[in-house]
Every structure is written in C-alpha cells, then in structure tokens.
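Residue numbers (full-length UniProt numbering), protein chains in the order written: chain A, 1 to 298; chain B, 1 to 298.
There are 2 protein chains.
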Amino acid sequence: MRSDTILSAEISMPLINRLAVVGVGLIGGSFARALREAGAVAEIVGIDRDRENLDRARELGIIDRGCVDPAEGVRGADFVFVAVPVCAIAAVVALIAPHLAPGAVVTDGGSVKEGVVAECEALLPPAVSFIGGHPIAGTEHSGAAASFAALYRGKRCIVTPTPRSDRAALAKVVAAWEAAGAVVVTMDVAKHDRVVAAISHLPHMVAYALVNAVEGYRHGGEGLLRYSAGGFRDFTRIASSDPIMWRDIALMNKGAVLEMMDHFAGYFGTLRKLVAAGDGPGLERFFRESKESRDAIL
Amino acid sequence: MRSDTILSAEISMPLINRLAVVGVGLIGGSFARALREAGAVAEIVGIDRDRENLDRARELGIIDRGCVDPAEGVRGADFVFVAVPVCAIAAVVALIAPHLAPGAVVTDGGSVKEGVVAECEALLPPAVSFIGGHPIAGTEHSGAAASFAALYRGKRCIVTPTPRSDRAALAKVVAAWEAAGAVVVTMDVAKHDRVVAAISHLPHMVAYALVNAVEGYRHGGEGLLRYSAGGFRDFTRIASSDPIMWRDIALMNKGAVLEMMDHFAGYFGTLRKLVAAGDGPGLERFFRESKESRDAIL
Chain A
1 MRSDTILSAE
11 ISMPLINRLA
21 VVGVGLIGGS
31 FARALREAGA
41 VAEIVGIDRD
51 RENLDRAREL
61 GIIDRGCVDP
71 AEGVRGADFV
81 FVAVPVCAIA
91 AVVALIAPHL
101 APGAVVTDGG
111 SVKEGVVAEC
121 EALLPPAVSF
131 IGGHPIAGTE
141 HSGAAASFAA
151 LYRGKRCIVT
161 PTPRSDRAAL
171 AKVVAAWEAA
181 GAVVVTMDVA
191 KHDRVVAAIS
201 HLPHMVAYAL
211 VNAVEGYRHG
221 GEGLLRYSAG
231 GFRDFTRIAS
241 SDPIMWRDIA
251 LMNKGAVLEM
261 MDHFAGYFGT
271 LRKLVAAGDG
281 PGLERFFRES
291 KESRDAIL
Chain B
1 MRSDTILSAE
11 ISMPLINRLA
21 VVGVGLIGGS
31 FARALREAGA
41 VAEIVGIDRD
51 RENLDRAREL
61 GIIDRGCVDP
71 AEGVRGADFV
81 FVAVPVCAIA
91 AVVALIAPHL
101 APGAVVTDGG
111 SVKEGVVAEC
121 EALLPPAVSF
131 IGGHPIAGTE
141 HSGAAASFAA
151 LYRGKRCIVT
161 PTPRSDRAAL
171 AKVVAAWEAA
181 GAVVVTMDVA
191 KHDRVVAAIS
201 HLPHMVAYAL
211 VNAVEGYRHG
221 GEGLLRYSAG
231 GFRDFTRIAS
241 SDPIMWRDIA
251 LMNKGAVLEM
261 MDHFAGYFGT
271 LRKLVAAGDG
281 PGLERFFRES
291 KESRDAIL
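See below:
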C-alpha cells in the first residue's frame, strides 16, 4: 500500500516545477499552454518587456504571474525557455545567468544554433545546463494572444545537444517538447544550421530575390508585377515574412546560408546552360528529377 | 413590328455559329462549356487524337460531335480554338489551314506567343485570321472530364494582336473570352512573353533548381530534403509541374526565360553580397522592399 502511494505520488509529480518563459509570444506562449494542458508543469512565470502583453497572458491563463525583469523572473525556476528573437538569445542568457538556481535547465527556440549554443554554454555556471532547441512550427501571427496549445502537436522539434550537454538536462528538454506534442529529432548544431539553411533560409533568400527581381524589371517603362496571378502570389508568400527576423537569421547563419546560396546558384547555372543550349532531353531530365524529389516529400 | 422581329432575331444570334475545339482537355473543354453556358455558341465540334476522351466529352455534353481528324473537324467552323500543347500549335494550324472556311477565326491558348503567333499568321490563307490568346487559368488536372465552365471566370486572358491582326477577328476573340467569363488584357507578343517569363516561367525555373539543389546537397553523406516541413513543400509545389510541358516552354520562350534568369541572378548575387558582408541595414532594406512589393499584390 505505502509503496503504491509513493509511486503514484511520483508519477503525478509534474516534469517541471517552475517554468520561466522569457518572451511570452506565439512560441513561448504556446509552449506554456501546451505544457499546462499536458499537466507537465506546476507553475508558470512569464517574462516580457511588454507589460500589456504580460497582463494579457495572465488574463488568458497562459502564465500564473508576469515579470518584466528577467533576473527576478527566473529565480527558483527549474526550467527556462528563452523564446526571444535569435539575435537576442545570448544577451538574455547573459542577463539571467547569475540568477539561475543550481540544476536549472535553460533551452531556447531559436532558428540558428551553432553560434548561439556555444555562446550560451559559455555564459552559464557549471551547475546550469543549456540545451539548444528549435521547434519547426509557427504562424504568421505574434504575441501572447496568438499562442495556442496545439501549435507544436505533430510538428518536429530539433534538439541540438553538444559534447558538453548534461544527459539529464537533455532528457528533460526532450521530455518537455514531447509533452508539448512535438516529434523530437536530435542532431548536432552544425548539421542543424545546414538543414534549416537548405529547407528554410535558402527558400527565403530565393523568394526575396525573386520578388525584387520581378519588381525591378521594366518593359517599356512598365513593371510586370501587376500581372502576377495566384501562382506567383503563392510561390512568393514567404517574401512577406518579417524583414527584421530574416536580417537576423541571414547575419547569424551567414556561413551556412552562403554555402546554400552558392550551392543553389550552381544548380541554377546548370539549368541556365540547358535553356541556352535548347537541350530538350537535358531540360526534361532536370525537371523530372526535381518533380520526383518534390513528389517524394508530399 | 417587322423590324423589331428582325432586331430580336439578330440579338439572339450566338457569337459563334460552329466552334471547333482542337484538344478537348481542361483548357479546350472548359472553353466549350463556358461558351455553351453563356449561350454564345450554336454548335461545338471536338477534335482530339484520343477517341475515348472525345466520347467522354460527348457524353458530358461538352461537345455536340467528335472527330479525330482535324482537317475534317474544322470544316465549316467560324471559330477554331487550338488548345494543344504550345509546341504542337503551329503543326495543328498547318494541318487545318487548307480546310478552313473563309472568314474563320483561329485562336490558341498557348503560354508562349511571339514565335507561335508569327508562325501561325504565316501559315493561314489571307481570308482566315489568327489571333493569339493565353488564358491565365488552370488546375493540376487534365482531360475533358476535368474541364468545367467556371475555369475562366474572373481570370485574366491575355490576347496578343499584331499589326497584321484583323480588327473584326480580334473583337470576336475578345468577345468569346469575355463570354467565357475572363477579364481580357491585350498586349503585344513580345511583352506577353516577358510578362509570363517573369511571373510564371522564372518562378518555375527557380523552384526546379531549388529542389534539385537541396536534394543534391549532402551533409555527412545524408540528404536534407527529408527534413523539409510544410513551408518548403508549399514553396516548391510548382516543381511538381509536368516536366514535358516545362521543357517545351523553356525551349519556346528561350530568349525571355534566359533574360529573366539573368535578371534574377543579378538580384540573387546582390543579396549574396549583402549576406557575405554581414550588412544588416542592407539586408533589412532588401527584405523590406521585397515584402512591400509582395504585400502590394496580395
């Protein structure tokens, strides 16, 4: 009897006792909501520079209490999720580092990892762990009010341990994302940055350049963009993304982004040669290979 | 009384007496359905190499009778719509030219115009007019059964007269597309080919090259395409288009496609320089201009 009670008490203990979320927007707010819904957290403290956004998050039950001061907000937290723009992550970690409880686990949601993870690992005291993370999820909306518990359900979250990572801390971060409904994939930071450069950053660079190119083309003094139909609009949707966020990504993942841009330029140059040569069979092969690859990821 | 009767008889005369549609697929079949629905045609003859497709079109009431021989099918038609792949249009026109009734109007639905229109104009006898057309509409399906009357409703149709075009023939083609529900824009053939190169052909070249580039990239022996998420799949949807059709477009609109590819490569190169230089303000400006252009065509 007694051991059963202890066992059930252990089982019902939430994964996280006090969760501090720095940046209670779409990403941070949805993480808080999902963990609350899963019963994986006892208490949630929200930290945000925007007092109105914090009040809204408390009214919506996303957080239990709000705090504009990160140093104060993370006190006593055993799990800290830094959900701020990728260029601000290291600065936030530097700010909270002296105030973290021993044994605390810090993770982030930034879309670039190699530099950020190295910086954050170096900033934290030995008793505190940093584990990088990157949930592949989002919407075009932002702010606490836009967050929802199901954002991560069935979506991939890439977790990027390093040789320095504490195994228990890694397990806790993985468990938290799984509790939020995500499918966790672990990979090293360098590979992560190339994966996202290829499947996300490169397409954005291409789309931004494409829209500017078409807008910049003049035929008899007239622009052509006004003739665009649904297909062009769909294809270039990602060129409507936030310029500040993409400036930061291009700056922070510069090496991998340049590598992918050059890699793409090589393929684009090959295709140009096929068009210039009027090489029918070569063009058909190029298009067919692309179609087959694309159809395989449908 | 008598003149009223004549007047009303004139008003109820359809725009087209006998319509011949060569190629009863999505494009040709939808044109036939739309004109029939609008009461703009008295009789519709379908011409197609595929006897089964013709039978299906007749069963569905798209055409009144079917014919596998183009020469026989166009006999007595006052309006001929050539809705075959763009590389086959001139060959079809050559085939039907000796069998067309004087005063007949021939038009097409091909997505490349300059070369095709010049060829077709040269092939027809003086008493028959060719007017190029290009409806900006379609779906991923093909065949008569996939056609529907509303395909062109509210969509743009570019009609491309030349200095040789007969004004009455041009007016009839414009009226037919308007009866089908399309919004007609007229422009010269050279401009047409640059417009579609910019807003359609270039995006396809970019998407095909992008998918092949990402598929061809190897990190530690492993491909990255399997990590792609919804965003990449949406962006590269057009790379699943028919390789044969795009081979033909790249061959037939070679000049304009190369011009646009080089124009794009210039912008992509500019962006690469901004990334390589870590030029934050320059990157933000590049992305912001693109976003503003993109948002303006929403």
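Even for Gly, the Cβ is constructed at its ideal location relative to N, Cα and C. These figures come from a predicted structure and were not determined experimentally.
In the structure shown, what three-state DSSP assignment does residue i receive?
{"i": "A:D108", "result": "strand"}
{"i": "A:F31", "result": "helix"}
{"i": "B:V128", "result": "coil"}
{"i": "A:L60", "result": "coil"}
{"i": "B:A179", "result": "helix"}
{"i": "B:S290", "result": "helix"}
{"i": "B:A277", "result": "coil"}
{"i": "B:I297", "result": "coil"}
{"i": "B:L251", "result": "helix"}
{"i": "B:T270", "result": "helix"}
{"i": "A:V24", "result": "coil"}
{"i": "B:D242", "result": "coil"}
{"i": "A:L100", "result": "coil"}
{"i": "A:G74", "result": "The displayed chain sequence assigns Val, not Gly, to residue 74 of chain A. If DSSP states are grouped into helix, strand and coil, A:V74 belongs with coil."}
{"i": "B:S147", "result": "coil"}
{"i": "A:P85", "result": "coil"}
{"i": "A:K113", "result": "coil"}
{"i": "A:E140", "result": "coil"}
Would you list the one or two residues that DSSP bridges to residue i?
{"i": "B:E43", "result": "B:R18"}
{"i": "A:I158", "result": "A:H134, A:V185"}
{"i": "B:C67", "result": "B:I47"}
{"i": "A:E222", "result": "A:H219"}
{"i": "A:F79", "result": "A:L19, A:V105"}
Residue i CB to nearest chain C CB: under 8 angstroms?
{"i": "A:Y152", "result": "Of the protein chains in this structure, namely A and B, none is chain C."}
Does residue i pass the burial test, meaning 16 or more other C-beta atoms within 10 Å, or should it be called exposed?
{"i": "A:K172", "result": "buried"}
{"i": "A:H192", "result": "buried"}
{"i": "A:P281", "result": "exposed"}
{"i": "A:D234", "result": "exposed"}
{"i": "residue 307 of chain A", "result": "This structure cannot speak to residue 307 of chain A, because chain A is shown only from 1 to 298."}
{"i": "B:E114", "result": "buried"}
{"i": "A:E52", "result": "exposed"}
{"i": "A:D69", "result": "exposed"}
{"i": "B:H141", "result": "exposed"}
{"i": "A:L262", "result": "For clarity, residue 262 of chain A is Asp in the given sequence; the question names Leu instead. Label assigned to A:D262: exposed."}
{"i": "A:A122", "result": "exposed"}
{"i": "A:T160", "result": "buried"}
{"i": "B:G266", "result": "exposed"}
Would you call the CB atoms of residue i and residue j closer than 8 angstroms?
{"i": "B:G23", "j": "B:A83", "result": "yes"}
{"i": "B:A144", "j": "B:L60", "result": "yes"}
{"i": "A:V275", "j": "B:V257", "result": "yes"}
{"i": "A:A182", "j": "A:I16", "result": "no"}
{"i": "A:A127", "j": "A:K155", "result": "no"}
{"i": "A:A179", "j": "A:L35", "result": "yes"}
{"i": "B:G133", "j": "B:G109", "result": "yes"}
{"i": "B:L298", "j": "B:F286", "result": "no"}
{"i": "A:V106", "j": "A:V80", "result": "yes"}
{"i": "B:R294", "j": "A:T162", "result": "no"}
{"i": "B:M252", "j": "B:V93", "result": "no"}
{"i": "residue 303 of chain A", "j": "A:A97", "result": "Absent from the structure is residue 303 of chain A, since the part of chain A shown begins at 1 and ends at 298."}
{"i": "A:A40", "j": "A:P14", "result": "yes"}
{"i": "B:I249", "j": "A:E284", "result": "no"}
{"i": "B:F232", "j": "A:S200", "result": "yes"}
{"i": "B:F264", "j": "A:L170", "result": "no"}
{"i": "B:A71", "j": "B:L54", "result": "no"}
{"i": "A:K291", "j": "B:A239", "result": "yes"}
{"i": "A:V189", "j": "A:V117", "result": "yes"}
{"i": "A:L202", "j": "A:V214", "result": "no"}
{"i": "B:S165", "j": "B:H204", "result": "no"}
{"i": "B:T139", "j": "B:A149", "result": "no"}
{"i": "B:D64", "j": "B:A101", "result": "no"}
Members of the region 251 to 266 of chain B near chain A, C-beta cut-off 8 angstroms: L251, K254, V257, L258, M260, M261, D262, H263, F264, A265, G266
Chain B contacts from the region 280 to 296 of chain A (Cβ-Cβ distance under 7 angstroms): G280, L283, E284, F286, F287, R288, E289, S290, K291, S293, R294, D295
Proximal residues, the region 107 to 133 of chain B versus chain A, C-beta separation under 9 angstroms: none
Within 8 angstroms of chain A by C-beta, residues of the region 224 to 235 of chain B in sequence order: For the region 224 to 235 of chain B, which is checked against every Cβ of chain A, the residues closer than 8 angstroms are L224, L225, R226, Y227, S228, A229, G231, F232, R233, D234, F235.
Near-chain A residues of the region 76 to 96 of chain B - C-beta to any C-beta below 8 angstroms: none
Proximal residues, the region 169 to 199 of chain B versus chain A, C-beta separation under 7 angstroms: Listed by position, the residues of the region 169 to 199 of chain B near chain A (Cβ gap below 7 angstroms) are K191, R194, V195, A198, I199.
Members of the region 206 to 218 of chain B that neighbour chain A once the beta carbon cut-off is set at 9 angstroms: V206, A207, Y208, A209, L210, V211, N212, A213, V214, E215, G216, Y217
Where the region 267 to 278 of chain B meets chain A: residues whose CB sits under 7 angstroms from a CB there: Y267, F268, L271, R272, V275, A276, G278
Short-range partners of chain A found in the region 53 to 75 of chain B, where Cβ spacing is below 8 angstroms: none
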